[in-house]
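The next block holds one structure in the form of structure tokens; read it before the comments.
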Amino acid sequence: MSRDFGVTDGHSLYSLHRYRSDVRHMVIFDDLVEKEHHRVRLYISEPIYELVRQAETNGLLRVVHHEEIVEGCSEPDSPRRRKRKHK
Numbered sequence: 003m004s005r006d007f008g009v010t011d012g013h014s015l016y017s018l019h020r021y022r023s024d025v026r027h028m029v030i031f032d033d034l035v036e037k038e039h040h041r042v043r044l045y046i047s048e049p050i051y052e053l054v055r056q057a058e059t060n061g062l063l064r065v066v067h068h069e070e071i072v073e074g075c076s077e078p079d080s081p082r083r084r085k086r087k088h089k
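For the sequence shown, the working numbering gives the first residue as 3, with consecutive numbering after it.
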């Protein structure tokens, strides 16, 4: 996945951070503040994910990819899953 998204910073794909009990999201985002290109992967909790969404709204970063993490396993977002989730 690192090569697919061009991740340059943050947690590795197989990082042990994904197994922490409070981790619910994996995001890959572009840092729009720095002059150099930074694409970052982080395994984060729900409150931090809300801060990431606010930063995206404010134009500080752009989320490239998001996956929900359940007990250390990733569940990629897909239109089909989102439809079932919001019903």
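Using N, Cα and C, we set each Cβ at its ideal position, and we do this for glycine too.
These figures come from a predicted structure and were not determined experimentally.
What residue range is occupied by the uninterrupted alpha helix (DSSP H) comprising R20?
No alpha helix (DSSP H) contains R20, which DSSP labels as neither H nor E.
Where does E48 sit, in a helix, a strand or coil, going by DSSP?
helix
Do H13 and L63 count as a contact pair if the criterion is CB distance below 7 Å?
no
Can you tell me whether E36 is helix, strand or coil according to DSSP?
coil
If you check the beta carbons only, do Y21 and G61 fall under 7 Å apart?
no
Own chain, CB closer than 6 Å to D11, minus 5 neighbours either side, in chain order:
H40 and V42
Three-state secondary structure assigned by DSSP to L53:
helix
Nearest candidate by alpha-carbon position, reference R55, set L18, V29, L15 and I71:
V29
Using a threshold of 7 Å, state whether the C-beta atoms of I71 and V25 are closer than that.
yes
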